[in-house]
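Here the structure comes first, spelled out in structure tokens, and everything after it is commentary.
2 protein chains.
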Amino acid sequence: MPQTPRRIPKSTISHRRVLDAAARLFHERGYAGTTLRAIAAEVQLEAGSIYYHFKSKDELIEAVLDEAMARVIGAGRAAVEAVPAGATARMRIEAAIHAHVATIIEIGDYTLATRRVIGQVPEEVRQRLMRQRDSYGRFWQDLLEQAQQTGELRADADMHLARMFILGGLNWTAEWFKPDRRPLAEVAAAFTGFVVDGLLAAAPAPATSRHRRAGSAR
Amino acid sequence: MPQTPRRIPKSTISHRRVLDAAARLFHERGYAGTTLRAIAAEVQLEAGSIYYHFKSKDELIEAVLDEAMARVIGAGRAAVEAVPAGATARMRIEAAIHAHVATIIEIGDYTLATRRVIGQVPEEVRQRLMRQRDSYGRFWQDLLEQAQQTGELRADADMHLARMFILGGLNWTAEWFKPDRRPLAEVAAAFTGFVVDGLLAAAPAPATSRHRRAGSAR
DNA sequence: GTCTATATTCAGATAGAC
DNA sequence: GTCTATCTGAATATAGAC
Chain A
11 MPQTPRRIPK STISHRRVLD AAARLFHERG YAGTTLRAIA AEVQLEAGSI
61 YYHFKSKDEL IEAVLDEAMA RVIGAGRAAV EAVPAGATAR MRIEAAIHAH
111 VATIIEIGDY TLATRRVIGQ VPEEVRQRLM RQRDSYGRFW QDLLEQAQQT
161 GELRADADMH LARMFILGGL NWTAEWFKPD RRPLAEVAAA FTGFVVDGLL
211 AAAPAPATSR HRRAGSAR
Chain B
11 MPQTPRRIPK STISHRRVLD AAARLFHERG YAGTTLRAIA AEVQLEAGSI
61 YYHFKSKDEL IEAVLDEAMA RVIGAGRAAV EAVPAGATAR MRIEAAIHAH
111 VATIIEIGDY TLATRRVIGQ VPEEVRQRLM RQRDSYGRFW QDLLEQAQQT
161 GELRADADMH LARMFILGGL NWTAEWFKPD RRPLAEVAAA FTGFVVDGLL
211 AAAPAPATSR HRRAGSAR
């Protein structure tokens, strides 16, 4: 059918443009280092005009943080739920790794802004954010421990330490990974190889062990 | 012999105290968010007195960043050099992991301040810091690739990705590891287990593979 | 919706007393 | 070495015109 010209209010467009600019500047210059004048200049507005869209600088940073956290969590859960029921732990873990990295790269300024300004936001906002982060942490913990209980992952591995190590490695990609240099799927597969082959209970066929593939799944 | 009362100039003490306070506040509040008045208050001085010890706010942040980088690099190289010549790759890697984590935890405020304010420091300072960081990156790269050339680590693993993943996992400890909760050596051994068992060329004895130890070395 | 103009607060830095 | 007092610039936020 022919596209009905759906009205997108001018305010919605500016709202999003302001938010994107804010995320980028909060990332680059930190919270106090980012002035409303600079954000306004990025989107060809004057400083006073920001206040039509956001009540205060605090409300702006809160919007950036909320979006970053919600996107990462949503993508992770969706990706794992989309894996067929009978799949291996390796496939579920690779799906979670891929989704995590893909999302933090896609919304890079939002995620990096979060790490840079957390600790400068109002206590109430920080508390809410940390609760969400903890819930995402439990999601990963369950993923790993379930794979451990089914015997797919080593029973003697400390899965809390493993989770912290893995999420650290994944989060670090936001600092260096450039999607135009190499396909993300390649990185996700390699990471999965590092992780799973380091945790896998079953020993690989000893004969040609040197030629085991790193990320065989995709 | 009885301790000769060695004179430590008052200025040296204040200098160090100011630097420590600056590192903590730069970490907590970022560069622009940290006022010289706040740093001064931390060490029971007035704002103007800071200028006796440092010429400017820029000089202060530069001192913090330089110290953070130098300590981490120095500790890493020293630890690996201290490993006996005939040692396994696993031992060298565990030494590097232990040194890296131990140092970033010990000088936590300095390392975390670095990540928070990089990008807000003068271009020339940032360039110099990134050159040091790259040199440390090559140190790790050599460590991994040499182990690969001797056949101790898998030949088919992408060691650049492996290095980025590992350093990410290690750096993340600065955000969560509390030394009073558990011994650092335990964490370093577990991390080494994750990393090496994920990269090891030789397949473990298939019989009782489930009961392989995670970090058997220490 | 966006502008200009401005009130108010607070930052980094300097000068000179102690 | 540290203090007090102060200069100067710039920030958030508001008010009202367009």
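Chains A and B are the protein sequences, given in the same order.
All letters in the first sequence, in the order written, are residues 11 to 228 by our numbering.
All letters in the second sequence, in the order written, are residues 11 to 228 by our numbering.
For each residue, glycine too, the CB sits at the ideal point set by N, CA and C.
* To do: Locate the alpha helix (DSSP H) running through Phe36/B, then write down its first and last residues.
  => Segment Lys20 to Arg39, the alpha helix (DSSP H) holding Phe36/B.
* Looking at the C-beta of Asp168/A, does it have a partner C-beta in chain B at a distance below 8 Å? -> With 8 Å as the cut-off, Asp168/A counts as an interface residue toward chain B.
* **Cα-Cα separation between Leu35/B and Leu55/A, rounded to whole angstroms** => Spanning the alpha carbons of Leu35/B and Leu55/A requires a straight line of approximately 33 Å.
* Asked: If the cut is a Cβ gap below 9 Å, which residues of chain A does Phe149/B touch?
  -> Residues of chain A passing the Cβ test: none, with the nearest at roughly 17 Å.
* Since Pro183/B contacts Val127/B with CB under 8 Å, what's their CB separation in whole angstroms? -> Just to set this straight, residue 183/B is Thr in the shown sequence, not Pro. Going by Cβ atoms, the distance from Thr183/B to Val127/B rounds to 20 Å, so no, they are not a contact pair.
* Asked: Since Glu130/A meets chain B, which of its residues come closer than 9 Å, beta carbon to beta carbon?
  -> According to the sequence shown, residue 130/A is Gln rather than Glu. Residues of chain B passing the Cβ test: Glu38, Arg39, Gly40 and Gly43.
* Taking one C-beta from the region 110 to 125 of chain B and one from the region 31 to 45 of chain B each time, how about it: are there three or more such pairs within less than 8 Å? -> Contact holds: three or more Cβ-Cβ distances are below 8 Å.
* To do: With 8 Å as the threshold, decide whether the Cβ of Arg220/A is near any Cβ in chain B.
  => Any reading at Arg220/A needs caution, since the residue's pLDDT is 43, under 50, leaving its predicted position unreliable; the model's value is listed next. Yes, contact with chain B.
* **Rounded separation between Tyr41/A and Gln130/B - CA only** => Taken atom to atom, the span from the alpha-carbon of Tyr41/A to that of Gln130/B is near 11 Å.
* Local Cβ density within 10 Å of His170/A, reported as buried at 16 or more and exposed below that -> By the Cβ neighbour-count rule, His170/A is exposed, with fewer than 16 other Cβ atoms within 10 Å of its own.
* To do: Check the Cβ-Cβ distances between Gly179/B and every residue of chain A, and say whether any is below 8 Å.
  => Yes, because at least one Cβ of chain A sits closer than 8 Å to the Cβ of Gly179/B.
* To do: State the CB to CB distance for the pair Ile71/B and Val28/B, rounded to an integer number of angstroms; the pair is presumed to be in contact (CB under 8 Å).
  => At roughly 12 Å, the Cβ-Cβ gap does not stay under 8 Å, so Ile71/B and Val28/B are not in contact.
* To do: Name, please, each residue of chain A whose Cβ falls closer than 7 Å to the Cβ of Tyr172/B.
  => Reading the sequence as shown, one finds Ala at residue 172/B and not Tyr. Chain A residues near Ala172/B: Phe204.
* So Ile241/B is in the alpha helix (DSSP H); what residue range does that whole segment cover? -> Because chain B spans 11 through 228 in this model, residue 241/B falls outside it and cannot be assessed.
* To do: Tell me, please, whether the CB atom of Arg126/A is closer than 8 Å to any CB atom in chain B?
  => Interface residue, yes.
* **Proximal residues of chain A, C-beta to C-beta of Val135/B below 9 Å** => Going along chain A, no residue has its Cβ under 9 Å from Val135/B, so there is no contact; the nearest lies around 15 Å.
* To do: Could you tell me which chain A residues have their CB closer than 9 Å to the CB of Ile107/B, listed as they occur along the chain?
  => Near Ile107/B there are no residues of chain A at all, since even the closest Cβ is about 10 Å away, more than 9 Å.
* Asked: Assuming Ala198/B contacts Glu104/B under a Cβ cut-off of 8 Å, what Cβ separation, rounded to an integer in Å, is found between them?
  -> Right, the Cβ-Cβ distance comes to about 6 Å (below 8 Å), so this counts as a contact.
* Asked: Between Val90/A and the rest of its own chain, which residues show a CB-CB distance below 7 Å, the 5 nearest in sequence each way excluded?
  -> Around Val90/A: Arg102, Ala105, Ala106 and Leu153.
* Asked: Going by the beta-carbon positions, is the gap between Ala172/A and Phe187/B smaller than 8 Å?
  -> No; because the gap between Cβ atoms is not below 8 Å, this pair is not in contact.
* **Rounded C-alpha distance that separates His221/A from Leu194/B** => Low per-residue confidence applies at His221/A: pLDDT is 44, beneath 50, and the placement is therefore not dependable enough to give any value.
* Identify whether Ala97/B lies in helix, strand or coil by the three-state DSSP scheme. => Residue state for Ala97/B is assigned as coil, using DSSP reduced to three classes.
* **Per-residue burial, Gly58/B [other beta carbons within 10 Å of its own, 16 or more giving buried]** => By the Cβ neighbour-count rule, Gly58/B is exposed, with fewer than 16 other Cβ atoms within 10 Å of its own.
* Taking only beta-carbon positions, decide if Ile176/B is within less than 8 Å of chain A. => With 8 Å as the cut-off, Ile176/B counts as an interface residue toward chain A.
* Would you call Val206/B buried or exposed, if buried means 16 or more other Cβ atoms sit within 10 Å of its Cβ? -> Flag for Val206/B reads buried.
* In angstroms with no decimal places, state the Cα-to-Cα distance between Ala80/B and Arg26/B. => Approximately 16 Å, taken between the alpha carbons.
* To do: List the residues of chain A that Val197/B touches, going by C-beta distances under 7 Å, in chain order.
  => Close partners of Val197/B in chain A (Cβ separation under 7 Å): Leu171.
* To do: Find the residues of chain B that neighbour Leu200/A, judging by a C-beta separation of less than 7 Å, and give them in chain order.
  => With the sequence shown as reference, residue 200/A is identified as Ala, and Leu is not the correct amino acid for it. Asp168 and Leu171, listed in chain order.
* Extent of the continuous alpha helix (DSSP H) to which Lys188/B belongs -> Careful: Lys188/B lies outside any alpha helix (DSSP H) and carries neither H nor E.
* Beta-carbon spacing of Leu177/A, Leu75/A below 8 Å -> Not closer than 8 Å, so no.
* If you count every other CB in all the chains shown that lies within 10 Å of the CB of Gln159/B, and 16 or more means buried, which is it? -> Exposed, because fewer than 16 other Cβ atoms sit within 10 Å of the Cβ of Gln159/B.
* Asked: With burial defined as no fewer than 16 other Cβ atoms inside 10 Å of the residue's Cβ, what is the status of Ala78/A: buried or exposed?
  -> It counts as buried.
* Have a look at Ala85/A, Leu46/A, Val82/A and Glu52/A and flag the residue whose alpha-carbon is nearest the alpha-carbon of Ser66/A. => Each of Ala85/A, Leu46/A, Val82/A and Glu52/A was checked against the Cα of Ser66/A, and the nearest Cα belongs to Leu46/A.
* **Gln156/B versus Gly86/B - alpha carbon distance** => Spanning the two alpha carbons is a distance of roughly 16 Å.
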